[in-house]
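Visitor: I'd like to ask some things about the structure below.
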Amino acid sequence: MDESVPVTVVDGDEETTLSVAEGRVLRDALQEAGFDVYGAVSRQANCGGRGLCGTCGVRLADPPAPEPEQWHDAAAERWGYPRLSCQIQVTEPLTVELVEKVVWGQLLPD
372 MDESVPVTVV
382 DGDEETTLSV
392 AEGRVLRDAL
402 QEAGFDVYGA
412 VSRQANCGGR
422 GLCGTCGVRL
432 ADPPAPEPEQ
442 WHDAAAERWG
452 YPRLSCQIQV
462 TEPLTVELVE
472 KVVWGQLLPD
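Using the working numbering, you'd call the opening residue of the sequence shown number 372 and step up by one each time.
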């Protein structure tokens, strides 16, 4: 039997907890649950989860946040950008904040 891991998704004022199979890619789990990790344009034109386009960004609450294994995620962690949901395997409980995208994968300024 597969183990499941709780993933709490914060979408604006809404908070939902998902039960995600351990080892599942976060992007896929979020999309399957009906959450949109892309902006209006990148919803149609993206790299399909290969970590190339940088448009499926989410913020992870600390602690814990899995160590980045991909170059974009390492830079994102260092400079405070959102992490790519397509590059995160769910192996431990997470809290994920969906971020608003304006154009492509861009974020609104703080």
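Note that beta-carbon positions come from the ideal geometry of N, C-alpha and C, so glycine has one too. Keep in mind the model is a prediction, meaning the values are calculated, not measured.
1) Under 6 Å Cβ to Cβ from Glu-468, same chain only, skipping five residues before and after it: list those, please.
2) Helix, strand or coil for Gln-460? Go by DSSP, reduced to three states.
3) Return the bridge partner residues of Val-412 from the DSSP annotation.
4) What is the rounded straight-line gap between the Cα of Gly-420 and the Cα of Cys-457?
5) Can you tell me whether DSSP reads Leu-389 as helix, strand or coil?
6) Could you tell me the distance, in whole angstroms, from the CA atom of Leu-314 to the CA atom of Val-378?
7) How would you call Ala-411, buried or exposed, if buried means at least 16 neighbouring beta carbons within 10 angstroms?
8) In the structure shown, what three-state DSSP assignment does Arg-398 receive?
Guide: This is what the structure holds:
1) Val-381 and Arg-430
2) strand
3) According to the DSSP secondary-structure assignment, Val-412 is paired through a beta bridge with no residue.
4) Computed Cα separation, rounded: 5 Å.
5) It is a strand residue.
6) Any property of residue 314 remains undetermined from this structure, which presents the chain solely from 372 to 481.
7) With fewer than 16 other Cβ atoms within 10 Å, it is exposed.
8) helix
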